[in-house]
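Residue numbers (the numbering used here), protein chains in the order written: chain A, 21 to 266; chain B, 336 to 483.
Heads up, the beta-carbon is just placed ideally off N, CA and C, and yes, glycines get one too.
Predicted model, so just to flag it, every value in this text is computed and none were measured.
A short write-up of the structure that comes next.
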Amino acid sequence: MPLLQRLATFYFPTFGAINLGYQFMKGIWWKALGIILVLYAIVGGLLMPVPAMPILNETIRNTYYHIPMWFAMMILMTASLVTSIQYLSSGNLQKDNIASEAINVSLLMGFLGLFTGMLWANFTWGSPWTNDVKLNGTAVAILIYVAYIILRGSLQDEHRRAKVSAVYNIFAYVMMMLFINVIPRMSGTDSLHPGNGGNPAFGEYDMNNSMRMVFYPAIIGWTLVGTWMLSLKLRINKIENKLLYD
Amino acid sequence: MQENEERQLYYYQIASPQGIILSKIIYNSLIMFVLTILALLVYITFLGNPIVNFNLFLLTVFLGSTGLGIILSMVSAIASKTGNNPTIMAILSFPIILPFLDTLIGLSLNAINGITSPQNLKFIIVLGSMNAIVAALSYILFPYLWRD
């Protein structure tokens with residue numbers, strides 16, 4: 021039995037829970053919750069009190085818009101990784117469909133995170149793009165996933181495309197985690213991001229409780245909205261397939 | 336991984352997929368290492384030797400050639416499934432190689448200038464762990480590509 025299959029059956033019992041979650045999340049309640057949380061984060065993010073910090077000043081409010089994008093991106097990419105592993109151990113094409121659409125949505129989140137970050141950097145660090153390890157790692161990670169889309173486009177046969185892109189997706193996820201989360205923390209001096217390059221993490225000093233009250237709902241809200249986008253894309257694909265084969 | 340169909344069929348019959356990817360990795364890493372050492376000798380003979388910390392430089396060459404060998408073996412295995420389209424190989428490997436090369440340049444620069452800083456150890460750890468992770472991934476994932 022291949023190692024991955026053993027991992028899938030024994031070490032990730034959550035796989036079944038994700039399938040259950042799929043049935044559970046058919047209702048409207050979580051979409052409404054996502055919209056309410058995002059609206060709350062946008063309005064509350066602009067109006068709630070924030071700590072007065074030097075250099076950052078009021079741009080600290082970008083925390084509510086910039087960081088949730090990355091959280092949503094990574095959560096969706098993790099979902100894509102899980103469905104890719106499921107595809108490899110089951111051969112179910114629907115899983116491959118979910119994996120690829122999750123990547124599309126998470127790339128949108130990634131680009132939004134990049135743009136909000138560039139805006140922020142323009143006001144605090146003086147230029148939209150600095151030679152920061154984390155910025156370069158992020159750019160490279162997004163390039164890796166763009167290469168995933170190109171790889172899918174270059175394969176015609178459905179099953180072969182599903183298999184090759186699932187293998188590349190697992191590979192890409194590990195590389196993405198290395199480039200965004202590991203290497204910037206390992207490199208000694210040249211990162212401007214909090215929590216990287218020897219800097220203290222953001223939450224330790226700067227984030228007080230009134231900020232957390234907006235920050236965590238923003239993460240949940242954007243993730244739910246991303247999941248909604250994913251489910252819409254999947255439903256469109258389903259309709260297209262039906263029109264194609266009927 | 337750019338062999339023709341008949342040879343792949345032959346390999347399929349005589350060896351396990353794990354054996355094939357491991358032998359590919361060892362072969363590619365070795366050839367990269369030997370070529371780099373040869374190039375280094377030629378450069379030293381004709382242009383002189385500016386390297387201060389030679390042991391560190393050799394370690395960098397070793398880590399770099401094994402890393403490139405592993406990453407390119409795996410990526411070319413993926414690219415070969417797209418019908419030997421040469422541009423796919425470049426598109427897939429470019430973003431993965433880039434941070435790896437960046438780390439290698441940093442470490443070799445320190446080796447050439449003879450800078451001893453705690454940063455060097457971090458570079459070595461990053462390179463070594465990246466090699467190990469990519470090798471483990473190739474070992475696990477290659478069987479899925481191989482069965483066709």
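message = Our contact map puts residue 93(A) next to residue 65(A) with C-beta atoms below 8 angstroms; I'd like the distance itself, whole angstroms only.
response = Going by Cβ atoms, the distance from residue 93(A) to residue 65(A) rounds to 19 angstroms, so no, they are not a contact pair.
task = Go through the segment 50-125 of chain A residue by residue and report every complete run of the alpha helix (DSSP H) that reaches 4 residues or more, in order.
result = 83-110
query = So, does the CB of residue 188(A) fall closer than 7 angstroms to a CB anywhere in chain B?
reply = yes
query = Between the Cα of residue 394(B) and the Cα atoms of 363(B), 349(B), 418(B), 442(B), which residue gives the shortest distance?
reply = 442(B)
task = Say whether chain B places a C-beta atom closer than 7 angstroms to the C-beta of residue 195(A).
result = yes
ask   = How would you label residue 95(A), buried or exposed, when you count the other beta carbons within 10 angstroms and need 16 or more for buried?
value = Note on residue 95(A): 16 or more other CB atoms within 10 angstroms of its CB, so buried under the neighbour-count rule.
ask   = Does the beta-carbon of residue 164(A) have 16 or more other beta-carbons within 10 angstroms, so that it is buried, or is it exposed?
value = buried
key: For residue 447(B), the nearest candidate out of 340(B), 390(B), 466(B), 417(B) (CA to CA)   = 390(B)
request  = Scan the segment 137-202 of chain A and note each continuous beta strand (DSSP E) run of 3 residues or more that stays entirely inside, going in chain order.
outcome  = none
inquiry  = If you reduce the DSSP assignment to three classes, tell me which class residue 388(B) lands in.
reply    = coil
key: chain B contacts made by the segment 163-177 of chain A, where a contact means CB separation under 7 angstroms   = 163, 164, 167, 170, 171, 174, 175
message = Quick check: what's the CA-CA separation for residue 415(B) versus residue 355(B)?
response = Taking the straight line joining both Cα atoms gives about 15 angstroms.
task = Could you check the C-alpha separation between residue 31(A) and residue 110(A) for me, to the nearest Å?
result = Model confidence at residue 31(A) stands at a pLDDT of 48, short of 50, so the residue's coordinates are unreliable; what they give is reported in the following sentence. Cα to Cα, the separation comes out at about 16 angstroms.
task = Determine, using beta carbons only, whether residue 95(A) comes closer than 7 angstroms to chain B.
result = The C-beta of residue 95(A) comes no closer than 7 angstroms to any C-beta of chain B.
message = I want to verify the contact list: residues of chain B whose CB lies under 7 angstroms from the CB of residue 108(A), in sequence order.
response = 479
inquiry  = Considering Cα atoms alone, identify which of 481(B), 478(B), 468(B), 479(B) is closest to residue 196(A).
reply    = 468(B)
request  = Please confirm if the segment 138-145 of chain A is in contact with the segment 363-377 of chain B, defined as three or more CB-CB distances below 8 angstroms between the two stretches.
outcome  = no
request  = To the nearest angstrom, report how far apart residue 70(A) and residue 129(A) are at their CA atoms.
outcome  = 25 angstroms
request  = Compute the Euclidean distance between the alpha carbons of residue 73(A) and residue 466(B), then round it to the nearest angstrom.
outcome  = The C-alpha of residue 73(A) lies about 41 angstroms from the C-alpha of residue 466(B).
query = When burial is assigned at 16 or more other CB atoms within 10 Å of the CB, is residue 90(A) buried or exposed?
reply = buried
request  = Give the single residue among 471(B), 405(B), 388(B), 417(B) whose Cα lies nearest to the Cα of residue 451(B).
outcome  = Minimum Cα distance to residue 451(B) is reached at 388(B).
request  = Mark residue 234(A) as exposed unless 16 or more other C-beta atoms lie within 10 angstroms of its C-beta, in which case mark it buried.
outcome  = Residue environment: residue 234(A) is assigned as buried (16 or more neighbouring CB atoms within 10 Å of its CB, all protein chains considered).
ask   = Ordered along the chain, which non-local residues of its own chain (more than five positions away) have a Cβ less than 7 angstroms from that of residue 178(A)?
value = 113
request  = With a cut-off of 8 angstroms on the beta carbons, I'd call residue 76(A) and residue 244(A) a contact; round off their distance for me.
outcome  = Rounded, the Cβ-Cβ distance is 28 angstroms, inconsistent with contact.
message = Buried or exposed for residue 458(B), going by 16 or more other Cβ atoms inside 10 Å?
response = buried
query = If you compare alpha carbons, which of 49(A), 190(A), 246(A), 171(A) is closest to residue 107(A)?
reply = 190(A)
key: Alpha-carbon spacing of residue 33(A) relative to residue 236(A), whole angstroms   = Low confidence applies here, because residue 33(A) scores a pLDDT of 47, under 50, leaving its location unreliable; read the following figure in that light. Spanning the two alpha carbons is a distance of roughly 27 angstroms.
task = Give the single residue among 482(B), 425(B), 463(B) whose Cα lies nearest to the Cα of residue 400(B).
result = 463(B)
Inter-residue Cα distance where the pair is residue 246(A) and residue 88(A) = 11 angstroms
key: Straight-line Cα distance separating residue 231(A) from residue 85(A)   = 12 angstroms
task = Consider the Cβ of residue 342(B): report whether some Cβ of chain A lies at a distance smaller than 7 angstroms.
result = no
inquiry  = Under 7 angstroms, Cβ to Cβ, is there at least one residue of chain B near residue 102(A)?
reply    = no
task = Below 6 angstroms CB to CB, which residues in the same chain sit around residue 127(A) once its five sequence neighbours on both sides are set aside?
result = 165
message = Does chain B have any CB closer than 7 angstroms to the CB of residue 131(A)?
response = By the rule that beta-carbons nearer than 7 angstroms mark a contact, residue 131(A) does not touch chain B.
task = Under 8 angstroms Cβ to Cβ from residue 162(A), same chain only, skipping five residues before and after it: list those, please.
result = 127, 130, 131, 134
task = List the residues of chain A whose Cβ lies closer than 8 angstroms to the Cβ of residue 417(B), in chain order.
result = For residue 417(B), the chain A residues whose C-beta falls within less than 8 angstroms of its own C-beta are 171, 174, 175, 184, listed in chain order.
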